[in-house]
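Enquirer: Input: one structure, supplied below.
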Amino acid sequence: MKNNEKIALVVGGSRGIGKAIAIRLAKSGFNIWLTYRSNHDAADKTKEEIEKTGRFCKTLSFDVSDYKETEAALEKKADEYPPDVVVYNAGITRDNLMMWMTKEEWDSVLSVNLDGFYNVMHAILFPMLREKQGRIIVVSSTSGQIGQAGQVNYSASKAGLIGAAKALAREVGKRNIIVNVVAPGVIETDMTKDLSKENILPLIPLNRFGSSADVASVVNFLCSEENMYIHGQVIGINGGLTI
Ligand SMILES: NC(=O)c1ccc[n+]([C@@H]2O[C@H](COP(=O)([O-])OP(=O)(O)OC[C@H]3O[C@@H](n4cnc5c(N)ncnc54)[C@H](OP(=O)(O)O)[C@@H]3O)[C@@H](O)[C@H]2O)c1
Numbered sequence: 167m168k169n170n171e172k173i174a175l176v177v178g179g180s181r182g183i184g185k186a187i188a189i190r191l192a193k194s195g196f197n198i199w200l201t202y203r204s205n206h207d208a209a210d211k212t213k214e215e216i217e218k219t220g221r222f223c224k225t226l227s228f229d230v231s232d233y234k235e236t237e238a239a240l241e242k243k244a245d246e247y248p249p250d251v252v253v254y255n256a257g258i259t260r261d262n263l264m265m266w267m268t269k270e271e272w273d274s275v276l277s278v279n280l281d282g283f284y285n286v287m288h289a290i291l292f293p294m295l296r297e298k299q300g301r302i303i304v305v306s307s308t309s310g311q312i313g314q315a316g317q318v319n320y321s322a323s324k325a326g327l328i329g330a331a332k333a334l335a336r337e338v339g340k341r342n343i344i345v346n347v348v349a350p351g352v353i354e355t356d357m358t359k360d361l362s363k364e365n366i367l368p369l370i371p372l373n374r375f376g377s378s379a380d381v382a383s384v385v386n387f388l389c390s391e392e393n394m395y396i397h398g399q400v401i402g403i404n405g406g407l408t409i
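Quick look at the structure:
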């Protein structure tokens, strides 16, 4: 099968890192199913950019933290056209020190970042297993690897994704589904626009924030036939923030 007949599902693909991943995979020849929650303008713009590459793009708006919405949006489509690649990239932050963290801040981050992974996988995994081929990429974070003060909720969700992806890699490897995690450091997107460069740059040996393209190129490699044997791994993309 050629790439131009293949489908990449990019969950949280309207903006930032997900947008760059969707466009990069389209340039590699994948047709894109691009999901997002509510930013229709951003999704439409990304769709236009994808279509300029000559590939097809279908946008799907739903809240990944809602099991029924996710199932309704994905299950039938995936059964008919099992995706070849799935990138679980949707994520939010609600930062606060643990002593001040509200139940809503905890629940909302865990439900989007971690429960959402379950909801999406549950809707699409069976058809992928039937095809006996595929790639799953999970977007975690440096915070999930080493912890980050002020982000106990976010770090827990991103560490949870690492555990989930590793266990899934053990389950589905025999069916020729390759699962990996990328763990970006500080990447310039809407999520990080208020961070102070002055405080953070001294911690990054490469002395710059990452770009979404830095993450997209690694995801593209992991989804390509250049990668046949990296499986169940966590790839840090952080300019040396953790070494
Ligand atoms: N930026 C960083 O420095 C950094 C570092 C490490 C890890 N990450 C991770 O990388 C991923 C992307 O980050 P980003 O900075 O590109 O974020 P972003 O610019 O805020 O984009 C987030 C994407 O996720 C979607 N999304 C959010 N909540 C959703 C929900 N409940 N249901 C469905 N879709 C939802 C958004 O859709 P809408 O457009 O509709 O809101 C958007 O497409 C996240 O998982 C984040 O945790 C980011």
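Quick note, my numbering runs 166 ahead of the 1-based positions in the sequence shown.
Positions of the beta carbon are idealized from the N, C-alpha and C atoms, including for glycine.
So does Thr358 have its beta carbon nearer than 7 angstroms to some heavy atom of ligand 1?
Expert: yes
Enquirer: Helix or strand or just coil, what does DSSP make of Tyr254?
Expert: strand
Enquirer: Would you mind sorting Met265 into buried or exposed? The rule is 16 or more other CB atoms within 10 Å of its CB.
Expert: exposed
Enquirer: DSSP state of Gly310, grouped into three classes?
Expert: helix
Enquirer: Give the secondary structure of Arg301 by DSSP, where H, G and I count as helix, E and B as strand, and everything else as coil.
Expert: In the structure shown, Arg301 sits in a strand (DSSP, three-state: E or B).
Enquirer: Can you tell me where the alpha helix (DSSP H) holding Asn365 begins and where it ends?
Expert: Per DSSP, the continuous alpha helix (DSSP H) segment holding Asn365 begins and ends at Lys363 to Ile366.
Enquirer: Using the three-state DSSP reduction, which class does Ser231 fall into: helix, strand or coil?
Expert: coil
Enquirer: Look up Gly376 in the DSSP assignment and say whether it is helix, strand or coil.
Expert: strand
Enquirer: Hey, Tyr357 and Thr259: beta-carbon distance below 8 angstroms or not?
Expert: Strictly speaking, residue 357 in this sequence is Met, with Tyr absent from that position. Yes, these two residues count as a Cβ contact at 8 angstroms.
Enquirer: Taking the CB atoms as reference points, tell me whether Ala186 and Ser378 lie closer together than 8 angstroms.
Expert: yes
Enquirer: Could you tell me whether the Cβ atoms of Arg190 and Asn386 are closer together than 8 angstroms?
Expert: yes
Enquirer: So for Val345, helix, strand or coil by DSSP?
Expert: strand
Enquirer: I'd like to know if the segment 288-306 and the segment 241-258 are in contact, where contact means that at least 3 CB-CB pairs between them fall below 8 angstroms.
Expert: yes
Enquirer: Note the first and the last residue of the continuous alpha helix (DSSP H) segment covering Thr212.
Expert: His206 to Lys218
Enquirer: Does the beta-carbon of Gly326, which I'm using as the reference point, lie nearer than 7 angstroms to any heavy atom of ligand 2?
Expert: With respect to small molecules bound, the structure shown includes ligand 1 and not ligand 2.
Enquirer: Less than 7 angstroms separating the Cβ of Ala181 from some heavy atom of ligand 1?
Expert: According to the sequence as given, residue 181 is Arg; it is not Ala. It does: the Cβ of Arg181 is within 7 angstroms (strictly closer) of some heavy atom of ligand 1.
Enquirer: Mapping DSSP to helix, strand and coil, what is Ile409?
Expert: coil
Enquirer: Could you give the residue range of the alpha helix (DSSP H) that holds Gly184?
Expert: For Gly184, the enclosing alpha helix (DSSP H) begins and ends at Gly182 to Lys193.
Enquirer: Taking contact to mean 3 or more Cβ pairs, one atom from each stretch, closer than 8 angstroms, check whether the segment 315-329 and the segment 271-285 are in contact.
Expert: yes
Enquirer: So the candidates are Ser180, Val253, Val384 and Lys340; which of them puts its Cα closest to the Cα of Ile403?
Expert: When each option's Cα is compared against that of Ile403, the closest is Val384.
Enquirer: So is the beta-carbon of Asp229 under 7 angstroms away from any non-hydrogen atom of ligand 1?
Expert: A distance criterion of 7 angstroms places the beta-carbon of Asp229 in contact range of ligand 1, judged by its closest non-hydrogen atom.
Enquirer: DSSP three-state call for Asn404: helix, strand or coil?
Expert: It is coil, neither helix nor strand.
Enquirer: Between which two residues does the alpha helix (DSSP H) holding Val275 run?
Expert: Lys269 to Leu276
Enquirer: Please determine whether the Cβ atom of Gly184 lies at a distance below 7 angstroms from any heavy atom of ligand 1.
Expert: For ligand 1, at least one heavy atom lies less than 7 angstroms from the Cβ of Gly184.
Enquirer: On the DSSP letters alone, give me the boundaries of the alpha helix (DSSP H) that Tyr202 sits inside.
Expert: Premise fails: Tyr202 lies in the beta strand (DSSP E), Asn197 to Tyr202, not in any alpha helix (DSSP H).
Enquirer: Could you spell out where the alpha helix (DSSP H) holding Ala325 opens and where it closes?
Expert: Where Ala325 is concerned, the enclosing alpha helix (DSSP H) stretches over Val318 to Val338.
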